[in-house]
Amino acid sequence: MNKRQGTNRLHNFLFLALLLGVASAAPWKVDEFPKPDFGLIADPDKLLSEQSLQEIADRIDEITDKVEVPVQIAVAVASKMHLPNNFYQDDQDNGNNPDEEAAAEEFARGLHDRWGVGIDGESGGTGVLIFLSVDDRVMYISRGSSFDTLLRNSRIDSIIKDLRPSMRQAKYGEGLVLAVELIGTYIQKGEPKWDELVWDYLRIEYFLLSGYALAILGSMRAARRRREAQRVYAEAASQLTAIDRAQAEALQGQFNATSCPICLEDFASDTTGSDDRPIKLLRCGHVFDASCWEEWVNSGQGQVSKCPICKKDVGESSVAAGEQPPQAEAMAPLDDTDVRQHEHLHHEHHRHRHHHRQHNRAMQLFQQDRNFRLTRLAMRYPNVVSQQQVQRWSSPTYNGQLAQDRSFVESRPRAPVVQSARHSDRMGGSSASFGGGTSSGGRGGRF
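Given below as structure tokens:
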């Protein structure tokens, strides 16, 4: 082989190597970017070491196991993004001034949707995607709608700020591990408290203060309303559960009210009301707090001589004073054997009739008490107990459990996240199986 042939081969080799290098570093389009090949991490350009990949995967697993709120975190790392013409700030600058941050947002959110990170449940998406484009020196964190509050824009801005030192030193694996940790920290921390909201408020530009203040106050009020709605639902559910329990006892022939049907507060004891006064026991069998009874009568809602529940005269009795229960009809004289048999049959018959009367009496008291309580519940908790529900529940044909009634359960305030997006089936940590989640937004920045 002469010198010229050797030189030509060397040139060919270098040219081929150059072509391969250019091909491997070709900008990625979002619809061509591959799915994760190491758990929930996609690194097609091999920018991360095996150790970094494993550390990131392990940290993702730790976060998903540790936090109470279910989350699925994915990571995508690219050398460079493909930048269509619409991502240049000026069509006349010949591509010298690209808007990488806007491109990173579209790329990350598009990847989030295409992969389906997290699960889109009734409270929104439960996924988070961390996108890093090294040559473009930009990153973006996309979130599902369930994390619009837990990973609010100011928190993502803080995460990106903390990552910049690692990214600028090309310590991409270290930075991504920190990103996953900070995301987990904010999710565990929960919704922003007033001090964090105030700090966010103070950091914004002065000409946006008023607008952001209104947004913060609105968020705080919304959170307060949500907590109040959850409290109201829990109280109503507790009252309905108590009614269900009383029904079970009434079916066994026993009915003992343990709370005042007017104010719905629990009695302090069998003989003392929630107002620490002796309970008001009426002849009809219904009981009340003494103070509630007095207020009911004095306010004109009821009559002093009538029970608020069954409307019977409070002086009524099943057996009038001075009267005796009906006696058995006179019987012909019986011998000793007949007497014993007759007494046994009479005793069994009397016991059966007594049990039957006791059962009917308990059910009657319960149904009257239940219907009255349901009306009071609808007045106290109109947002979760409606008049239509009261009418249906008070029907003699209704035999379901009130606290489990579908119409009531559906009024339960939804938590921020109700769906789980947790999967695991590989040696590297988290699984690459996604649940069809979508992006609701996020934040990005340069480094």
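Residue numbers (mature numbering (1 follows the signal peptide of the UniProt record, and there is no 0)): -25 to -1, 1 to 422.
Glycine included, each C-beta is placed from N, C-alpha and C at the ideal position.
From the DSSP output, in three-state form, read off residue i for me.
i    : result
V359 : coil
K146 : coil
D18  : coil
K281 : strand
P140 : helix
G375 : coil
A53  : strand
G99  : strand
S234 : strand
F347 : helix
T413 : coil
T247 : strand
K287 : coil
L256 : strand
V152 : helix
F341 : helix
F122 : helix
V207 : helix
R401 : Confidence at R401 is low in this model, with a pLDDT of 34, below 50, so its placement is unreliable and no value can be given for it.
V365 : helix
A295 : Confidence in A295 is poor, its pLDDT being 34 and thus under 50, which makes the residue's placement too unreliable to answer from.
D12  : coil
D6   : coil
Give the range of the alpha helix (DSSP H) segment to which residue i is assigned.
i    : result
V272 : A265 to N273
I94  : Neither: I94 is in no alpha helix (DSSP H) and is coded neither H nor E.
R381 : R381 to V384
Taking the continuous beta strand (DSSP E) assigned at residue i, which residues delimit it?
i    : result
V46  : It is not in any beta strand (DSSP E) - V46 carries neither H nor E in the DSSP assignment.
R89  : Careful: R89 lies outside any beta strand (DSSP E), inside the alpha helix (DSSP H) at E75 to W90.
S27  : Where S27 is concerned, there is no enclosing beta strand (DSSP E), although the alpha helix (DSSP H) it sits in stretches over E25 to K41.
F106 : G102 to S108
G420 : G416 to R421
V113 : V113 to R118
Consider the C-beta atom of residue i and the heavy atoms of the ligand GDP; say whether any pair is separated by less than 7 Å.
i   : result
A49 : Absent from the structure shown: the ligand GDP. Ligands present: none.
Please classify residue i as buried or exposed, where buried requires at least 16 neighbouring CB atoms within 10 angstroms.
i           : result
Q362        : exposed
L189        : exposed
G99         : buried
A232        : buried
Q163        : exposed
V42         : buried
P283        : buried
E318        : Because E318 sits at a pLDDT of 49, beneath the cut-off of 50, its placement in the model cannot be relied upon, and the point is left open.
Q343        : buried
V360        : buried
residue 438 : Past the boundaries of the shown model lies residue 438; the chain is included only from -25 to 422, so the question cannot be answered.
D12         : exposed
G91         : buried
G165        : exposed
V52         : buried
Q379        : exposed
L15         : buried
S293        : Note that S293 scores 35 on pLDDT, short of 50, meaning its location in the model is unreliable and no value can be drawn from it.
M354        : exposed
Q276        : exposed
S382        : exposed
Q47         : buried
G193        : exposed
Between the options, which has its C-alpha nearest residue i's C-alpha?
i    : options                   : result
C267 : V279, I237, S141 and R199 : I237
E203 : K287, R387 and A223       : R387
T216 : A49, L349 and V272        : L349
E7   : L86, K136, Y115 and P357  : L86
Q214 : F422, D241 and S369       : D241
Q333 : G275, Q227 and L239       : Q227
K26  : T246, K136 and Y147       : As written in the sequence, residue 26 is Gln, which differs from the Lys given in the question. The candidate whose alpha carbon is nearest that of Q26 is Y147.
A197 : P167, A353, T247 and A225 : P167
L23  : S129, V289, S108 and A243 : S108
T39  : L157, M142 and W3         : L157
I105 : D95, I35, Q144 and P140   : I35
Q205 : Y356, R367, R421 and P371 : Y356
K55  : P371, F82 and E270        : F82
C285 : T101, Q276 and G260       : G260
E149 : A77, I134 and I31         : I31
E37  : T160, E97 and D110        : T160
V153 : A145, Q144, R143 and D137 : In the sequence on display, residue 153 carries Leu and not Val. Checking every option, the nearest Cα to that of L153 belongs to D137.
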